[in-house]
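As given, the protein sequences belong to chains A and B, one line each in that order.
Residue 1 is where the first sequence starts when you use this note's numbering, and the numbers rise one by one after that.
Residue 1001 is where the second sequence starts when you use this note's numbering, and the numbers rise one by one after that.
All C-beta atoms, glycine included, are put in the ideal place defined by N, C-alpha and C.
Only one structure is covered here, and it is reproduced in the block below.
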Amino acid sequence: MIPEELKKSLQQRVATAVTAREAAVDVMKELQSHYGWLTDEAVGEAAEILGLSTLQVDELATFYEMIYRRPVGKKVIHVCDSISCWCAGFERIMEHLRKKLGVVEGQTTADGMFTVIPCCCMGICGDSPAMTVGGNFYGSVTPEKLDEILEKERKN
Amino acid sequence: MELLLFKHNRPGRVCTFEEYRDGGGFSGLKKAIAMAPLEVQQVVMDSGLRGRGGAGFPTGKKWSFVPRDLPGPRWLICNCDEMEPGTYKDRALLEANPYSLIEGMTIACYALGVRHAFIFIRKGYETAAANLARGIEEAKKAGLLGERILGTDFSVDLDLHLSAGRYICGEETALINALEGKRPNPRVKPPFPAIKGLWNSPTVVNNVETLANVPEILANGAAWFKGLAKNPEGAGNKLFCVSGSVAKRVCVELPIGTTLREIIDVHCGGMRDGKKFKACIPGGASTQFLTADHLDVPMDFDTVAKVGSRLGSGGVIVFDESQCLVAATLNLITFFARESCGWCTPCREGLPFVKEILQRIEVGRGEERDLEIMREHIKYLNYSFCALAPGAMAPLDGLLRSFEDEVREHILKGKCPYKTEKQI
Ligand SMILES: Cc1cc2nc3c(=O)[nH]c(=O)nc-3n(C[C@H](O)[C@H](O)[C@H](O)COP(=O)(O)O)c2cc1C
Ligand code: SF4
Ligand code: FES
Chain A
1 MIPEELKKSL QQRVATAVTA REAAVDVMKE LQSHYGWLTD EAVGEAAEIL
51 GLSTLQVDEL ATFYEMIYRR PVGKKVIHVC DSISCWCAGF ERIMEHLRKK
101 LGVVEGQTTA DGMFTVIPCC CMGICGDSPA MTVGGNFYGS VTPEKLDEIL
151 EKERKN
Chain B
1001 MELLLFKHNR PGRVCTFEEY RDGGGFSGLK KAIAMAPLEV QQVVMDSGLR
1051 GRGGAGFPTG KKWSFVPRDL PGPRWLICNC DEMEPGTYKD RALLEANPYS
1101 LIEGMTIACY ALGVRHAFIF IRKGYETAAA NLARGIEEAK KAGLLGERIL
1151 GTDFSVDLDL HLSAGRYICG EETALINALE GKRPNPRVKP PFPAIKGLWN
1201 SPTVVNNVET LANVPEILAN GAAWFKGLAK NPEGAGNKLF CVSGSVAKRV
1251 CVELPIGTTL REIIDVHCGG MRDGKKFKAC IPGGASTQFL TADHLDVPMD
1301 FDTVAKVGSR LGSGGVIVFD ESQCLVAATL NLITFFARES CGWCTPCREG
1351 LPFVKEILQR IEVGRGEERD LEIMREHIKY LNYSFCALAP GAMAPLDGLL
1401 RSFEDEVREH ILKGKCPYKT EKQI
């Protein structure tokens, strides 16, 4: 169950939209940041707030890249695998991540800290290879830099 | 050269409202409001401004398709989805200055008779979104947005819609579905959005860069804008964002009609590590490869189309002699296959099929007849529901047109000629 306060703020968001479902992505994102991922319970709550069926919410939730319908670690690592990052050697970064964290794409580390997911171009092609950790951007990533990033992100 | 889009940029930070205003900002809006809406539209039409989102459709003409006599609302949507691989110009623009877009949208709303407009922003552009949110408040406070703009009875609401990541949301009809909170599959065209778009009312969808050009066009006139371009048919400046094998990867504003050679040699400091230029994709992932033969082609819509590619988004991705273009194309097709929205069969089934063939060729198990099969698919995929699948075929088409020998070499040698034994 979500706290009454969060529910109220979501209801307010819906009330200011032209039609309720226009706020669907905002509502899903808020619920996701509350639960860590979009749980079945969250889908039910989103449906109630938006006046949609759970199926209609799931239809949206499963479409978007950054809505997680499965449990993820405390922080999601998105590694861009699009063309500019390919040119800049994202494969090296991915390989390093796999070794370092002992996971393959889609998996969560044993300690529940990180989930590694490849993603589409993040619009930082000028600083490729690019990745985000828990929403923080990192560009021109090298294996050495990656070690530092993981260290830092693990702490805070 | 004269800057227009990056005119107000400050090194390392976003420009402030005061800096924008004192640097001549909002004079375009003031001028526009003193004119009749149709006159404003005519100026944009005369300026020769073409859409910077990829298709290059003339902006004034697009606006003119909106019926003015229908009852009910009209809408304007700014497309800031920018998920085309290799494209980062809208991010660069909005992280440096959100005000040109806000002013441009206000002018567009005036020309079109729109009361309520949206900016559709992709996931990951939170800094751009924050800049815009702040800019909107500042403009409102200064009486340049919101109720009764500059004391007239013209009012505009401007709202942000934050998305959650998916390439197809950039396609204008999918974007409209996304904004309505529906599953973002594209819609059938016609009816075009200009007739029946958001909530079934007339809607204009324009790219960030397109709209950000509008204030200066109004401030300085159509002839001035046309005169910025280097080639006689061109109009205005363009943001080129370069990535790949260049010494310096930059997003620069240059006159339309600048050559690739100048972009790479002068603005990117040449190739990375002194390597030799092999090919480039001129306008984001869904455009055909250009080769060294094309380095002196003026970068404008029609001139690039004439040599078989597209100016697209201006996202230039450069490849050097050490890179395998089969592998590069495989990466591109993999992107498109994953981003297919699954709505129609040619794209949903065809892209993974083509991807598999390329994969086989890359690992040395390709056959001569694969070339023919791929060529056929380039044709079939034109029958898909939206432009994603034909776009996906563009790099493959370019590969088979300009680098067939390289593909065949993979097949004949039974391995990728660019990989060392260890890599295989
Ligand atoms: C698959 C696909 C993705 C697209 N992505 C974008 C995008 O991210 N940004 C954009 O401005 N246009 C994108 N477009 C083009 C839009 O459909 C539309 O043509 C454009 O926003 C119109 O604006 P303009 O006339 O100012 O260029 C995309 C088109 C397709 C088919
Ligand atoms: S071409 Fe692809 S993206 Fe477009 S509607 Fe068909 S399946 Fe969806
Ligand atoms: S291709 Fe990786 S950020 Fe654009």
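{"query": "Burial state of Gln1288(B), where buried means 16 or more other Cβ atoms lie within 10 Å", "result": "buried"}
{"query": "Within 7 Å, strictly: CB atoms of Ser1402(B) and Thr1291(B)", "result": "yes"}
{"query": "Residue interval of the alpha helix (DSSP H) (run including Asp1157(B))", "result": "Premise fails: Asp1157(B) lies in the beta strand (DSSP E), 1157-1162, not in any alpha helix (DSSP H)."}
{"query": "Contact the region 15-22 of chain A vs the region 1173-1190 of chain B: 3+ CB pairs below 8 Å", "result": "yes"}
{"query": "Closer than 7 Å to chain A by CB, Gly1086(B)", "result": "yes"}
{"query": "Where the alpha helix (DSSP H) containing Lys29(A) begins and where it ends", "result": "24-35"}
{"query": "Cys1080(B) and Met1105(B) closer than 7 Å at C-beta", "result": "no"}
{"query": "Cβ neighbours of Ile1136(B) in the same chain (closer than 7 Å, five flanking residues each side left out)", "result": "Ile1102, Leu1145, Leu1158"}
{"query": "Closer than 7 Å to chain A by CB, Asn1331(B)", "result": "yes"}
{"query": "Counted within 10 angstroms of its Cβ, other Cβ atoms place Leu1070(B) as buried (16 or more) or exposed", "result": "exposed"}
{"query": "Beta carbon proximity, Gly134(A) to chain B, threshold 7 Å", "result": "no"}
{"query": "Span of the alpha helix (DSSP H) around Leu1254(B)", "result": "No alpha helix (DSSP H) contains Leu1254(B), which is instead part of the beta strand (DSSP E) from 1251-1255."}
{"query": "Neighbour list for Ala1394(B) in chain A, Cβ cutoff strictly below 9 Å", "result": "Residues of chain A passing the Cβ test: none, with the nearest at roughly 13 Å."}
{"query": "Environment of Arg1375(B) [buried if 16+ CB atoms lie within 10 Å]", "result": "exposed"}
{"query": "7 Å Cβ cutoff, Gly1269(B) in contact with chain A", "result": "no"}
{"query": "The region 1213-1231 of chain B in contact with the region 1188-1196 of chain B per 3-pair CB rule at 8 Å", "result": "no"}
{"query": "The alpha helix (DSSP H) enclosing Trp86(A), as first and last residue numbers", "result": "83-87"}
{"query": "DSSP bridge partner residues for Thr109(A) (one or two, in chain order)", "result": "Paired residue(s): none; Thr109(A) is not in a bridge."}
{"query": "Leu1005(B) versus Glu1018(B): straight-line alpha-carbon distance, rounded", "result": "17 Å"}
{"query": "Phe1335(B) beta carbon less than 7 Å from that of Leu1351(B)", "result": "no"}
{"query": "Interface partners of Thr19(A) on chain B, CB under 9 Å", "result": "Glu1180, Gly1181, Trp1199"}
{"query": "Contact check, Phe1120(B) vs Leu1076(B), beta carbons under 7 Å", "result": "no"}
{"query": "Environment of Ala1096(B) [buried if 16+ CB atoms lie within 10 Å]", "result": "buried"}
{"query": "Asn1206(B) CB to nearest heavy atom of ligand 1 below 6 Å", "result": "yes"}
{"query": "beta-carbon Asn1185(B) near ligand 1 non-hydrogen atom, thresh 6 Å", "result": "no"}
{"query": "Asp1302(B) Cβ short of 6 Å to ligand 1 heavy atom set", "result": "no"}
{"query": "beta-carbon Thr1429(B) near ligand 1 non-hydrogen atom, thresh 6 Å", "result": "This structure cannot speak to residue 1429(B), because chain B is shown only from 1001 to 1424."}
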